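Chains as they are written, first to last, in my numbering: chain B, 4 to 83; chain P, 4 to 83.
What follows is a single structure, written as structure tokens, with notes after it.
So, in structure tokens, the structure goes:
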């Protein structure tokens with residue numbers, strides 16, 4: 004069994020209102036010096052596949068088809 | 004300036020309906036052998052702090068106070 008972590012983040016330049024809200028909330032809580040905050044998503048996936056190359060190809064296909072909107076988001080796949 | 008990535012994931016045993024929905028959607032798309040899927044959140048934070056130990060302590064405090072619900076979620080902080 005292969006475990007993988009997929010991280011999906013917004014591309015640079017794409018507005019992230021949720022990240023902005025977190026920035027303001029952190030400042031309001033007294034954390035000084037907080038710069039840019041960007042929020043993304045993480046998916047921990049278990050695969051019954053044993054071939055690492057095949058698993059990685061499958062995971063990338065999952066991102067392209069379902070997990071990420073590649074117009075505005077980047078993704079990275081890490082086998083763990 | 005320090006950049007950090009905070010990853011917030013649900014603790015084991017906490018129900019994750021969103022992860023379950025993704026499992027079913029992936030099966031429906033023809034991906035066989037997909038086991039457990041768990042969804043979490045990721046925050047990329049920039050700090051103007053230069054002291055790494057202080058930054059890490061601040062980031063952990065941010066997680067405890069705002070970014071994670073420590074009753075049901077784990078978090079990890081990585082300086083990048």
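Where a beta carbon is used, it is the ideal one built from N, C-alpha and C, also for glycine.
Model, not experiment: these values are computed from the prediction.
Kindly list, in the order they appear in chain P, the residues whose Cβ is closer than 7 Å to that of residue i.
| i | result |
| --- | --- |
| residue 10 of chain B | 45 |
| residue 51 of chain B | 36, 38 |
| residue 61 of chain B | 34 |
| residue 28 of chain B | 69 |
Give the DSSP-derived three-state secondary structure of residue i in the structure shown.
| i | result |
| --- | --- |
| residue 23 of chain P | helix |
| residue 55 of chain P | helix |
| residue 47 of chain B | strand |
| residue 31 of chain P | helix |
| residue 62 of chain P | helix |
Can you tell me where the beta strand (DSSP E) with residue i in it begins and where it stops?
| i | result |
| --- | --- |
| residue 13 of chain P | 5-13 |
| residue 77 of chain B | 76-82 |
Just grab the DSSP bridge partners of residue i for me.
| i | result |
| --- | --- |
| residue 37 of chain B | P/50 |
Listing by chain order, which chain B residues have their CB less than 8 Å from the CB of residue i?
| i | result |
| --- | --- |
| residue 68 of chain P | 32 |
| residue 75 of chain P | Residues of chain B passing the Cβ test: none, with the nearest at roughly 15 Å. |
Using a C-beta to C-beta distance shorter than 7 Å, which residues of chain B count as neighbours of residue i?
| i | result |
| --- | --- |
| residue 82 of chain P | Going along chain B, no residue has its Cβ under 7 Å from residue 82 of chain P, so there is no contact; the nearest lies around 14 Å. |
| residue 17 of chain P | By Cβ distance, chain B contributes nothing, its closest Cβ being about 13 Å from residue 17 of chain P, past 7 Å. |
Taking only the alpha-carbon atoms, compute the straight-line gap between residue i and residue j and give it to the nearest angstrom.
| i | j | result |
| --- | --- | --- |
| residue 75 of chain P | residue 24 of chain P | 19 Å |
| residue 64 of chain B | residue 70 of chain B | 9 Å |
| residue 11 of chain P | residue 44 of chain P | 5 Å |
| residue 28 of chain B | residue 22 of chain B | 10 Å |
| residue 58 of chain P | residue 46 of chain B | 26 Å |
| residue 60 of chain B | residue 67 of chain P | 36 Å |
| residue 18 of chain B | residue 9 of chain B | 21 Å |
| residue 77 of chain P | residue 30 of chain B | 23 Å |
| residue 56 of chain P | residue 6 of chain P | 13 Å |
Is any non-hydrogen atom of the ligand NAP found closer than 6 Å to the C-beta of residue i, if you look at the structure I gave you?
| i | result |
| --- | --- |
| residue 78 of chain B | The ligand NAP is not part of this structure, which contains no ligands at all. |
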